[in-house]
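With this note's numbering as the guide, the letters of the sequence shown map in order to residues -9 to 566.
Glycine included, every Cβ here is placed at the ideal spot set by N, Cα and C.
Computed from a predicted model, the values in this text were never measured in an experiment.
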Amino acid sequence: MNENHQRPPWIIRTYAGFGDAESSNRRYLENIRNGQTGLSVAFDLPTQNGYDPDAPMARGEVGGCGVSIAHLGDMETLLAGIDLSAVNTSMTINATAPFLLALYLVLAERKAVSWERLRGTVQNDLLKEFVARGTNIFSPEVSLRLSTDLITFASENIHHWNPINVCGYHYMESGAEPHQEIGYAIGNALIILDSIRPSLNKDLFETVVKRISFFINSGIELVPELCKIRAYSRLWTDLCKSRYDIDGVRFRAGCQVRSLSLTAAQPENNIVRIALEALPALLSTNARVQALQLPGFREALSLPDEMEQTLSLRTQQILMHETKITDFADIFAGNPVIEELTTKTMERARSIALNLHSVGYEKTIECLYVDLTKALLERHRQIESGKDIVVGVNKFKEAVGLSEQLSSPPPTAQDEKFEEERIRNVVRWRANRDPITMRVARERLEAAVRNGKNIMPPTIELARAGGTVGEWTSIIELATTGRYNVRLNLQAVSTLTPSRVLRDIRIVLGKAGLDGHTNAIKLLAIACRNAGMEVIFSGIKLSPAALIKAAIEEDADILGVSCLSGAHLKVAEDIL
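Have a look at this one:
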């Protein structure tokens, strides 16, 4: 044991948010009482996609897979009784990150907490939304501009805040190998930094570089994942020195273990998987993540209930306090196997990162979509063939222990009364504002967007005036090119599967509701093509009317609808 190499414990987080602000606040306070040291806020899909609860596109999704936050009153309720100067808050928010951060900053003012005392992160990584998660709202050009406005403003005004969490996590969830996850994430970071660099002086640019943080994945393959995190750390420090001549840049990262490894079959096995997947992120003293969040073990079935979140919290506490892993120096330093694989992973990642950096933001989106589709299909084939064993799924499938009891998830569906109350709430909120203050705030934000000014100051003004997330989004839409409608890239799928000459069945596939994850629909498209069908993608985040229109226009025999977030009940009802 070497006392000189001890490091402070990591921040323990639980990714949480469900229903309205009041119920989520109760969960946060309970988690803090149980020993959680940081907040990780999960927002519902309407909030992430810039819709207020009364928007038609929000139907069936309000509060469904995260907390519904439309305005300052909601944020105040969400964080009631929580000292913002004493908690590190992570907000998983991207396209609407400027507005949600503005709400947080105005709330801090109301609580008389200086921005200098705030610590936390907004995810604010739009590139991965275009290729892996789908909550992008605006065009790539506008998205990059809004993201970099936030980064610049926060670096100047909120000195202990991480203005972006560059995500590698979602690439691994889509099938990427360790070196690909690193390369995609760091390539994205380089693109963002180079887009900001010309507008900043040297000192402020260095501040921005040092505030960049990452959100990474940790899987169950212990040695490759351990080497991946070490390679992340070395490559980031190396590139910041070689490209920007900035010394001493520390790799700063939060981590969630791999959610897609968690199975619906024999869900109690996931308790073991989660604990093992946490180890690579914690074992290397000099490449340990600064924050960790663990999912509920029934994530494949439902959102985590209080019991599951407490178990995730206790898992981290056992790792931190009982294993004594923080008491030792880097036990892997100099190990030939670890060093060789770390170096190999790092150099392969470097090549990918520099290649993406060279092609730019929009071309990177195209490249990643195709690459991730191929990786997803290969991962799926490995499991289907039995080459990769997944316990309880393709081997050792006999139910044991608690499996039969745990197969049915607890009820989580939001009833219509809840949605109606959220609609009444936002209508009341709008009615009680000062209309002149609101008009001025709206005009200033629109002018800033049109004139190329930083959008954060007028966004904060809009939050103070009582603006809503839907109104903020509408202003940006009006002042730019509107909402950016993404059509799934059929070419990325068609290149993977041989076409058949005869196609008797035509199927239109589309994503209904606001969830933008495309892994499942891509696999479905491949399966349909293999069965000899003609597959037509109609797009993502579509209304029932848009899906029906696409099916009629394409003279489809079958309409296939993918909906991950639980809105399928209302979507199916509307379609039928």
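On a Cα-Cα basis, can you pick out the residue from the options that is closest to residue i?
| i | options | result |
| --- | --- | --- |
| Phe287 | Arg17, Glu298, Ala277, Ala281 | Glu298 |
| His507 | Lys118, Asn78, Asn21, Arg23 | Lys118 |
| Asn21 | Leu140, Asp34, Pro294 | Pro294 |
| Leu265 | Arg224, Phe527, Glu215, Ile210 | Checking the sequence, you will find Ala at residue 265 rather than Leu. Selected option, being the one with the closest Cα: Ile210. |
| Thr470 | Arg440, Trp462, Gly460, Glu461 | Arg440 |
| Gly53 | Leu216, Thr4, Leu250, Glu411 | Glu411 |
| Leu97 | Met162, Thr67, Gln306 | Thr67 |
| Phe89 | Phe143, Lys101, Leu74 | Phe143 |
| Arg414 | Gln113, Leu190, Asp10 | Asp10 |
| Ala431 | Gly456, Glu409, Arg418 | Gly456 |
| Gln113 | Asn84, Arg454, Pro168 | Asn84 |
| Asp361 | Lys334, Cys217, Tyr161 | Tyr161 |
| Leu272 | Asp237, Gly376, Thr305, Thr300 | Thr305 |
| Thr354 | Phe120, Val77, Glu368, Gly56 | Phe120 |
| Lys364 | Asn15, Glu167, Ala6 | Glu167 |
| Leu19 | Thr300, Glu433, Ala179 | Thr300 |
| Trp105 | Trp151, Gly324, Ala281, Lys192 | Trp151 |
| Ser302 | Gln26, Gln280, His370 | Gln26 |
| Glu337 | Lys200, Ser249, Arg100, Lys218 | Lys218 |
Where does residue i sit, in a helix, a strand or coil, going by DSSP?
| i | result |
| --- | --- |
| Leu474 | Here residue 474 is Tyr; the residue named in the question, Leu, does not match the sequence. Reduced to three states, the DSSP call for Tyr474 is coil. |
| Val239 | coil |
| Ala6 | strand |
| Asp547 | coil |
| Cys157 | strand |
| Phe89 | helix |
| Leu486 | Because the pLDDT at Leu486 is just 49, under 50, the model does not fix this residue reliably, and the point stays unresolved. |
| Trp462 | helix |
| Ala510 | helix |
| Arg49 | coil |
| Leu180 | helix |
| Ala502 | strand |
| Arg17 | helix |
| Arg423 | coil |
Looking only at its chain, what residues have a beta carbon closer than 6 Å to the beta carbon of residue i, apart from the 5 residues adjacent to it on each side?
| i | result |
| --- | --- |
| Gly382 | Thr253, Ala255, Gln256, Asn259 |
| Gly173 | Ala339, Ile342, Ala343 |
| Tyr474 | Phe128, Ser129 |
| Glu563 | none |
What's the C-alpha gap between residue i and residue j?
| i | j | result |
| --- | --- | --- |
| Pro153 | Ile495 | 48 Å |
| Ile148 | Val103 | 12 Å |
| Glu406 | Tyr222 | 45 Å |
| Arg263 | Ala243 | 21 Å |
| Glu267 | Thr227 | 25 Å |
| Gln481 | Arg278 | Low confidence applies here, because Gln481 scores a pLDDT of 48, under 50, leaving its location unreliable and the question unanswered by this model. |
| Leu212 | Gly110 | 29 Å |
| Ser72 | Thr82 | The residue asked about is misnamed: residue 72 is Ile in this sequence, not Ser. Near 19 Å, if we compare the C-alpha coordinates of Thr82 and Ile72. |
| Ile565 | Pro534 | 5 Å |
| Leu183 | Ser203 | 12 Å |
| Gln170 | Pro214 | 12 Å |
| Arg3 | Ile548 | 44 Å |
| Gln307 | Asp115 | 29 Å |
| Val416 | Leu435 | 21 Å |
| Glu289 | Gly500 | 24 Å |
| Ala438 | Ile59 | 24 Å |
| Met65 | Thr79 | 13 Å |
| Phe33 | Glu12 | 13 Å |
| Ser274 | Phe527 | 44 Å |
| Glu146 | Thr86 | 20 Å |
| Leu604 | Pro270 | Limits of the chain in this structure are -9 at one end and 566 at the other, which puts residue 604 out of reach. |
| Leu225 | Tyr234 | 13 Å |
| Arg517 | Val551 | First, the amino acid is wrong: residue 517 is Ala here, not Arg. Roughly 14 Å between the two C-alpha positions. |
| Leu229 | Val380 | 37 Å |
| Leu537 | Phe8 | 28 Å |
Near residue i, which residues of its chain fall below 8 Å by C-beta distance, leaving aside the five closest residues on each side in sequence?
| i | result |
| --- | --- |
| Leu504 | Leu35, Pro36, Gln38, Asn39, Tyr41, Met47, Ala48, Glu51, Thr125, Lys531, Ser555, Ala557 |
| Cys357 | Leu346, Val349 |
Which same chain residues end up closer than 7 Å to residue i when comparing Cβ atoms and leaving out the 5 residues on each side of it in sequence?
| i | result |
| --- | --- |
| Ile450 | Ala92, Leu95, Val96 |
| Lys560 | Arg49, Gly50 |
| Arg187 | Phe195 |
Counting only runs of 4+ residues fully inside the segment 222 to 299, write out the alpha helix (DSSP H) ranges in chain order. 259 to 268
To test your reading of the DSSP string, which unbroken beta strand (DSSP E) runs of 3 or more residues are found completely within the segment 93 to 145? 109 to 112
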